[in-house]
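Data first, discussion second: the structure below is written as structure tokens.
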Amino acid sequence: MLIYIALSFNASASAPYLTLDSANKAYSGEKYDKAITMYNSFINDGYESSQVYFNLGNCYYRKADYARAILNYEKAKKLNPSDADIQFNLQIANLKTTDKITPDSELFLANWWHKLVDISSEKGWAITCILLLFIALLSISSYLVSRNLFIRQLGFWLGMLLLAFSLITFLFSREQYNAITSHDTAIVMSGSVTVKASPADNGTQLFIIHEGAKVWIVKSEGTWTEVKLANGSQGWLLTSDIEAI
Amino acid sequence: MKTGRLKYILFFALALASYINLSAQDFTATATKTTVGIGEQFQVNFTLNGNGGSFTPPSFSDFQNAGGPYQSSSFQSVNGVNSQSITLTYVLVANKEGSFTIGAASIKAGGKTLQSNTLTIKVVKGTPPAQQQKSTAQQGSKASGQGSMTDEQVKQNLFIKIIPSKTKVYEGEGIPITVKVYTRVELQNFQDATFPDYTGFYCENVPQKGQLELTRENYNGVAYQVVTLKQSVIFPQRTGKLKIDPATAQCVVQERVRSNDPNDIFGQFFGSYKRSVYNIKSDPVTIDIEPLPNTDKEFTGVVGHYTIKSSLDKSSVKANDAVNLNVTVSGDGELKLIDSIPFQFPPDFDHYDPKIADHLNVTPSGVSGSRSFSYVLIPRHQGKYKIPALDFTYFDPSKKTYTTLNLPEMDLDVAKGDNNSATVTVNSATVNKEDVKLLGSDIRYIHTGHLPAYHSDDYFLYSIPFFAGIFSPILCFIGFIIVRRRHIELNKDATSVKQRGATRMAKKRLKAANAFIASNNKEKFYEELHKAISDYLSDKFTIPVADLSRESITLKLTEKNVTPDTLQKLSTVLDNCEFVRYAPATVTGNLNEVYNSTVTLITQLEDEIVR
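Chains as they are written, first to last, in numbering that gives the first Met the number 0: chain A, 0 to 244; chain B, 0 to 610.
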């Protein structure tokens, strides 16, 4: 049964992989427009992969469309947060943008938490969670069964510890899941956007951001979206000026 | 013209002198005043009775020459004797205090050089009474003692006027204003004219074309010759009643002098001409300036009548390329007072102060023309921009209302620039720094090979396999707990368990004995019973059956705290076994009951020994 499912998955996946191979060939042949079309068709078919977004980001970078490059690198990073290549290229693309937004100094603990969460993906953490749970229950069982005092103590404490770890990894997984499924960050796509104090054309102009800047979506109203910058500034801009990651 | 006339007169005089024998020749110098104030004008006349030429004036170095020499000549014919005189007039102004001598002038007449007398002029500080009297005269007065007109005559025949086209205006409204001299005398020239400086007004002068012209005009029903000295357009910058200072002019008038001598026929016929200088002064003019009515519109402060238009030289441009925004204001009014157009440019644009070009026409009826503003804009980033609409409000004094003109919104498409020079110029310091750091580095190559791809909505967390993975160990664990709990439940009463075990063990040992109950073989039954108990005790205390004696058994069991009651029971059973061997008849009772009591006994023993 399981083998059957795996086989059928492979069968359905083989066709888009062909597209991917030829797209990679187009990229190495410096036919970036062609590669972009092919990668996009892969995504439009309903597939999602950090690899595709990463490669797409590279194509846009080569075409000097840094906003789109950043957008795709961010998408790739969401799916595969621990990948060093993605982080590296995203960093380089970010250097090409106009705005240098100094992030609000994050609490050490929060920063540490984010880094820990980014070690693995939603799937990796979920599997770890199941494994830890399994071992924890085994340990607790051994505590219940054994007449040996040492084994009983070991089993109890190990079981509790692993149970706690299992819970933590579940939270990690959930965090990653939320990050992927929610689209609360966006990249500015227009060359220059004036952020206003209210969702209206005549709103007080607060500040200007340029293409490639990353913003956090706070809320939307009509054609306007309220965004927040890494430095804490907040204001309204037209939804059409940004694209969600 | 002037010298031409002089030559003509000289020629005529010489012609006459050639055939008329002139009796006496006399050359005198006279001054109109010998005591003058500083700055006051006076005349010095050199008169030659007769004919002459080659006049050499004295030095007037102590005075300023304000006019002249003017020459006049007169002819007289008395009893057939013709006489003639030539007068040369200098107008002088005293500059410094003191007593000065005007030296002798010389002239050649009749082959002789004649010298005039010298004159001493005393210059005093302040204005002599004569001057004061003149300034009190509103319409002008004689400046020259030689002027023959009275003040009244001057008033009627020679005056200067400032004529504004209107005297009640709004602030900032243009007023064409004219300074005119009206005359009925033979006005020859102006020596000096002062015009008001229009304090409180912004003044535009109408450029003068060529020479002053004489026109005819009726004033109070009388025809005058009119000279327009100056035309301006003034724009009041304050409100209230503003007084315009009077204008003054010094007019040189040619007057005919009639001879009083009845014998002087020539003089009576022709008279003689002389030039007189009259100072005239205008009445002051007051302009009533009304403030502009209140308005809630954004008013730029311009008054008049205007049109405005704006244009961008291109509608699409690359980032960092310049675009020109031209705005032209044209109409009637003081365009120079519009110094900028209050545009709100998109904040990401670089823009500079506008270049201003004027095309102004100042005419006697007002100021009109156009003023162009040329703004250079440099968009720094790509995008679709709008230069917002703008209202331009002016006050129209003819309609007495504010009029708002609208400059429409303008669209500008900015395409991506040729390179990233914008970033470099805008943020050069930081970017350069980072560029240096990144020199020689590039993005990493694409990922090839087959990395796992999912359907977009295919996540492991919360999926069926995930829940299966989570709940299967939990269910197993729960199952395990339940099984174990039941097990513990069963094991809860430890005694009954042991008893059950001991009974089972006792029953096993008494299995052989049990087999003889059915056949009611008393002897065999007790034999087996004895053997079973011996084996049990032997096993229990690991003592060989051969060494088992009643004493050793009692000793061991007492050691193990077996109750005396149980010991008694055991002893009874063992006694019975021995009695059966030797005297079977003494042993009575049901074999079944014995069997059961033995089982109970062993169970009891087992229980007590373990404890």
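Beta carbons: idealized from backbone N, C-alpha and C, even for Gly.
Residues that residue i contacts on chain E, provided the C-beta gap is smaller than 7 Å
i, result
"residue 347(B)", "Given the protein chain composition of this structure (A and B), no chain E is represented."
Cutoff 7 Å; reference residue i; Cβ partners in own chain excluding five residues on either side
i, result
"residue 165(A)", "128, 131, 132, 135"
"residue 131(B)", "Low confidence applies to residue 131(B): its pLDDT is 35, below 50, so where it sits in the model is not reliable enough to give any reading."
"residue 47(A)", "78"
"residue 98(B)", "119, 121"
"residue 543(B)", "537"
"residue 217(A)", "225, 226, 227, 233"
"residue 169(A)", "128"
Close-in-space but distant-in-sequence residues of the same chain around residue i (CB under 6 Å, 5 per side omitted)
i, result
"residue 88(A)", "72"
"residue 421(B)", "Its pLDDT being 41, under 50, residue 421(B) is placed unreliably by the model, and the measurement read from it follows with that caveat. For residue 421(B), where only same-chain residues beyond five positions count, the Cβ hits under 6 Å are 318, 319, 379."
"residue 62(A)", "31"
"residue 680(B)", "As shown, chain B starts at 0 and ends at 610. That puts residue 680(B) outside it, with no answer to give."
"residue 100(A)", "228, 229, 230"
"residue 590(B)", "516, 524"
"residue 230(B)", "177, 205, 363"
Sequence-distant residues of its chain with Cβ nearer than 8 Å to residue i (five each side left out)
i, result
"residue 198(B)", "241, 244"
"residue 223(B)", "181, 182, 183, 215, 216, 217"
"residue 413(B)", "315, 316, 317, 318, 378, 380, 381, 382, 383, 384"
"residue 108(B)", "24, 26, 47, 49, 50, 51, 52"
"residue 23(A)", "34, 54"
"residue 345(B)", "378, 384, 385, 386"
"residue 197(A)", "203, 235"
"residue 37(B)", "93, 94, 95, 96, 122, 123, 124, 125"
"residue 20(B)", "Low confidence applies here, because residue 20(B) scores a pLDDT of 44, under 50, leaving its location unreliable; read the following figure in that light. Taken in chain order, the list of residues that qualify is empty."
"residue 236(B)", "170, 171, 199, 200, 201"
"residue 281(B)", "158, 159, 160, 161, 178, 245, 246, 247"
Residue j beta carbon less than 8 Å from that of residue i
i, j, result
"residue 325(B)", "residue 310(B)", "yes"
"residue 568(B)", "residue 536(B)", "no"
"residue 224(A)", "residue 235(A)", "yes"
"residue 92(A)", "residue 52(A)", "no"
"residue 253(B)", "residue 277(B)", "no"
"residue 188(A)", "residue 240(A)", "yes"
"residue 301(B)", "residue 396(B)", "no"
"residue 39(B)", "residue 90(B)", "no"
"residue 174(B)", "residue 286(B)", "yes"
"residue 193(B)", "residue 227(B)", "no"
"residue 209(A)", "residue 231(A)", "no"
"residue 184(A)", "residue 195(A)", "no"
"residue 563(B)", "residue 521(B)", "no"
"residue 205(B)", "residue 68(B)", "no"
"residue 323(B)", "residue 375(B)", "yes"
"residue 598(B)", "residue 505(B)", "yes"
"residue 333(B)", "residue 284(B)", "no"
"residue 45(B)", "residue 28(B)", "yes"
"residue 291(B)", "residue 200(B)", "no"
Strand pairing of residue i, partner residues [DSSP]
i, result
"residue 108(B)", "111(B)"
"residue 486(B)", "DSSP output for residue 486(B) lists no bridge partner at all."
"residue 394(B)", "302(B), 401(B)"
"residue 213(A)", "186(A)"
"residue 356(B)", "371(B)"
"residue 70(B)", "87(B)"
"residue 202(B)", "233(B)"
"residue 324(A)", "Limits of chain A in this structure are 0 at one end and 244 at the other, which puts residue 324(A) out of reach."
"residue 45(B)", "28(B), 87(B)"
"residue 382(B)", "413(B)"
"residue 287(B)", "167(B), 240(B)"
For residue j and residue i, believed in contact at Cβ under 8 Å, the rounded distance
i, j, result
"residue 406(B)", "residue 391(B)", "7 Å"
"residue 86(A)", "residue 76(A)", "7 Å"
Residue i beta carbon near the ligand NAP (any heavy atom closer than 7 Å)
i, result
"residue 251(B)", "In terms of ligand content, the structure shown is empty, and the ligand NAP therefore cannot be addressed."
Legend entry - Residues of the segment 20-34 of chain A whose Cβ lies closer than 7 Å to any Cβ of chain B, in chain order: 23, 26
Inset, instruction - Could you run through the segment 469-480 of chain B and flag, in chain order, every residue whose CB is less than 8 Å away from some CB of chain A? - result: Under the 8 Å Cβ criterion, the segment 469-480 of chain B contributes 469, 472, 473, 475, 476, 479, 480.
Inset, instruction - Name, going along the chain, the residues of the segment 531-542 of chain B whose beta-carbon falls closer than 9 Å to a beta-carbon of chain A. - result: none
Inset, instruction - Select from the segment 404-418 of chain B all residues with a C-beta closer than 8 Å to any C-beta belonging to chain A, and list them in chain order. - result: Taken in chain order, the members of the segment 404-418 of chain B whose beta-carbon sits within less than 8 Å of a beta-carbon on chain A are 413, 415.
Legend entry - Short-range partners of chain A found in the segment 313-324 of chain B, where Cβ spacing is below 9 Å: 318
Legend entry - Interface residues of the segment 166-188 of chain A facing chain B [CB-CB below 9 Å]: 169, 172, 173, 175, 176, 179, 180
Inset, instruction - Output, in sequence order along the chain, the residues in the segment 203-236 of chain A whose CB is closer than 7 Å to any CB in chain B. - result: Those residues of the segment 203-236 of chain A that come within reach of chain B (Cβ to Cβ, closer than 7 Å) are 204, 207, 209.
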